[in-house]
Each structure stands twice: as C-alpha cells, then as structure tokens.
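Quick notes on the structure that follows.
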Amino acid sequence: NAGVTQTPKFRILKIGQSMTLQCTQDMNHNYMYWYRQDPGMGLKLIYYSVGAGITDKGEVPNGYNVSRSTTEDFPLRLELAAPSQTSVYFCASSYAGGGANEQFFGPGTRLTVL
Amino acid sequence: GNSVTQMEGPVTLSEEAFLTINCTYTATGYPSLFWYVQYPGEGLQLLLKATKADDKGSNKGFEATYRKETTSFHLEKGSVQVSDSAVYFCALSHLSSGGTSYGKLTFGQGTILTVHP
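From first to last, the protein sequence lines are chains E and A.
Counting with the working numbering, you get residues 1 to 114 for the letters of the first sequence.
Counting with the working numbering, you get residues 1 to 117 for the letters of the second sequence.
Written as structure tokens, this is what we have:
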C-alpha cells in the first residue's frame with residue numbers, strides 16, 4: 001500500500017515554463033487536496049476535489065489548474081511559472097470530507113522557479 | 001475567517017524535558033482540531049485530533065485538549081525524545097454555513113522542535 005505518491009521530488013523551472021505535478025493515491029479516497037508550503041508558513045490550500053470530475057478553488061488558486069479524471073489521480077498544472085511559485089507542494093487525500101477525517105499526505109515536490 | 005496561530009519557534013529542548021506548543025484558533029461554529037507532525041524530508045502525518053469541546057486527543061505520549069472557552073488546543077508531552085524532533089502544525093477543519101467542510105484544513109505556521117541528547 002503506497003498511500004499518496006508524488007512526482008517529481010524536485011524540479012527547477014525557468015520563468016514562463018510550464019509543468020505538471022503528479023499525485024496518485026491508492027486508498028480509494030474521494031477527497032484530494034493540493035497545498036503549498038512556503039518557508040516559515042503553514043500550508044495553504046490551492047485546489048481540492050470531492051470526486052472524479054469535481055474540483056474547486058482553495059485559498060491560493062491563481063496560476064494553477066487541476067483536473068480529476070479518475071479517483072486515483074489529481075495532477076496540478078503550473079502555467080507560466082513565476083518566482084512566487086517557488087515552494088514545496090503537498091498532495092493529500094481523505095476518505096470523506098467530514099470535519100474529523102484524517103488527511104494523508106504525500107512526501108512533497110520541491111519546486112524552484114528561477 | 002478561520003485562522004490558527006501557533007507559538008513562535010524554533011523550540012530547543014533537552015531529552016526528557018517537558019514540551020508545550022501553544023495553539024489558538026479563530027473559527028465560526030465548532031471545527032475539529034488537529035496536530036500534524038512533519039519529520040525531516042517527509043510529508044505531514046496526523047499526530048492527534050479532537051472533534052468537540054473538552055475532548056482530549058492523545059498519541060505517542062502527546063496530548064492536547066480542545067478548550068472552547070479559550071479557543072486553544074495546546075500540544076503537550078511530559079518527556080520528549082530526540083526522535084520527536086520535527087515540525088508541528090496545528091490545524092482546524094472548515095465548516096461552511098451549511099455544516100459541510102469538504103475536509104479543508106487551515107494550518108498554523110508550524111513550530112520547529114529540536115531535541116538534544
């Protein structure tokens with residue numbers, strides 16, 4: 001049971017380039033989330049999904065896009081990368097969206113935009 | 001809106017010392033409260049949680065009590081170990097006016113804990 005996996009682990013982008021951060025979970029969770037973690041800050045929610053075909057914006061969605069074509073996968077797309085997007089990105093999933101349900105996190109992707 | 005404030009870090013302790021990491025929150029309704037831990041190079045993992053006032057969450061010797069009157073959820077451990085060195089995040093779950101949270105979490109900024117032998 002791999003849990004939540006993310007690829008790549010590290011990436012350096014030039015300003016204006018695009019990339020997709022991959023996230024896969026094998027726990028059959030309906031709910032998935034993307035967060036970014038900036039130094040000395042807590043995690044900020046970028047986008048979330050409550051099931052295949054359903055996505056919604058979180059607190060900091062600008063500059064990102066997501067899709068959810070299957071239960072397992074929830075890729076995050078960066079278009080026209082900017083230095084402000086330098087961060088560590090975490091994907092998470094949970095069984096349901098009830099307030100007390102645990103979120104399971106992937107190991108993160110460290111992205112640098114130069 | 002919802003917010004979580006944690007004590008400033010980093011916190012440096014000797015092994016077997018007592019640990020307190022303060023956490024206060026602002027939220028409407030009755031959110032659930034969580035402590036997540038992030039070990040070096042890893043993602044976050046749930047340490048403990050509490051879902052209603054006066055609940056005490058506990059795990060691995062850590063405890064936190066949901067105090068609605070002081071809007072707090074302080075993390076404590078009686079005797080820390082070197083292996084407890086990590087970043088600790090306090091978080092709450094959102095609740096919309098309809099009572100649906102979709103599991104969205106608001107995090108505090110994190111507190112770095114370093115324990116020396």
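Think of the CB as a built atom: it goes at the ideal place given N, C-alpha and C, for glycine as much as any other residue.
The model shown is predicted, which means the values in this text are computed figures rather than measured ones.
Residue i - DSSP class collapsed to helix/strand/coil
i: S84 (chain E); result: helix
i: S83 (chain A); result: helix
i: S18 (chain E); result: coil
i: F89 (chain A); result: strand
i: L26 (chain A); result: For the sequence presented, residue 26 (chain A) should be read as Thr rather than Leu. The answer is strand: DSSP assigns T26 (chain A) an E or B state.
i: S67 (chain E); result: coil
i: S32 (chain A); result: coil
i: Q109 (chain A); result: coil
i: N30 (chain E); result: coil
i: N62 (chain E); result: coil
i: G1 (chain A); result: coil
Own chain, CB closer than 6 Å to residue i, minus 5 neighbours either side, in chain order
i: T71 (chain A); result: T24 and Y25
i: T112 (chain E); result: I12 and T86
Residue from the options whose Cα sits closest to the Cα of residue i
i: P107 (chain E); options: A:L33, A:Y102, A:K52 and A:E42; result: A:E42
i: L80 (chain E); options: E:E102, E:F74 and E:N62; result: E:N62
i: I46 (chain E); options: A:L105, A:G61, A:L19 and A:Q81; result: A:L105
i: C91 (chain E); options: E:I15, E:L13, E:Q22 and E:A2; result: E:Q22
i: Y95 (chain E); options: E:D38, E:V88 and E:F104; result: E:F104
i: M41 (chain E); options: A:S79, A:Q6, A:Y102 and A:G103; result: A:Q6
i: E69 (chain A); options: A:G9, A:K52 and A:G61; result: A:K52
i: V11 (chain A); options: A:F107, A:P117 and A:S85; result: A:S85
i: N28 (chain E); options: E:G51, E:K14, E:I15 and E:P39; result: E:G51
i: A82 (chain E); options: E:Q6, E:R110, E:L114 and E:T5; result: E:L114
i: Y66 (chain A); options: A:N2, A:P117, A:N22 and A:Q38; result: A:N22
i: G61 (chain A); options: A:G9, A:G1, A:P117 and A:E16; result: A:E16
i: S84 (chain E); options: E:T71, E:P39 and E:K57; result: E:P39
Nonlocal neighbours in the same chain, by C-beta distance under 7 Å from residue i, ignoring five residues either side
i: K44 (chain E); result: Y35, R36, E59 and V60
i: G53 (chain E); result: R68
i: A2 (chain E); result: D26
i: Q109 (chain A); result: Q6
Residues near residue i in its chain [Cβ-Cβ closer than 8 Å; skip 5 each side]
i: E63 (chain A); result: L48, K56, G57, L75, E76 and K77
i: E8 (chain A); result: T111
Separation of residue j from residue i, as counted between CA atoms
i: D54 (chain A); j: T55 (chain E); result: 35 Å
i: I112 (chain A); j: S69 (chain E); result: 37 Å
i: Q17 (chain E); j: F34 (chain A); result: 37 Å
i: L92 (chain A); j: P31 (chain A); result: 6 Å
i: V82 (chain A); j: V115 (chain A); result: 5 Å
i: V66 (chain E); j: T20 (chain E); result: 9 Å
i: G103 (chain A); j: A100 (chain E); result: 8 Å
i: P75 (chain E); j: C90 (chain A); result: 26 Å
i: S49 (chain E); j: V88 (chain E); result: 20 Å
i: A122 (chain A); j: F10 (chain E); result: Chain A is shown from 1 up to 117; residue 122 (chain A) falls before or after that span and cannot be answered.
i: R187 (chain E); j: N59 (chain A); result: Because chain E in this structure spans residues 1 to 114, residue 187 (chain E) falls outside the shown range and cannot be described.
According to DSSP, residues forming a beta bridge with residue i
i: L114 (chain E); result: L114 (chain E) is not bridged to any residue.
i: I12 (chain E); result: E:T112
i: D73 (chain E); result: E:T24
i: L43 (chain E); result: E:Q37
i: Y89 (chain E); result: E:R36 and E:T109
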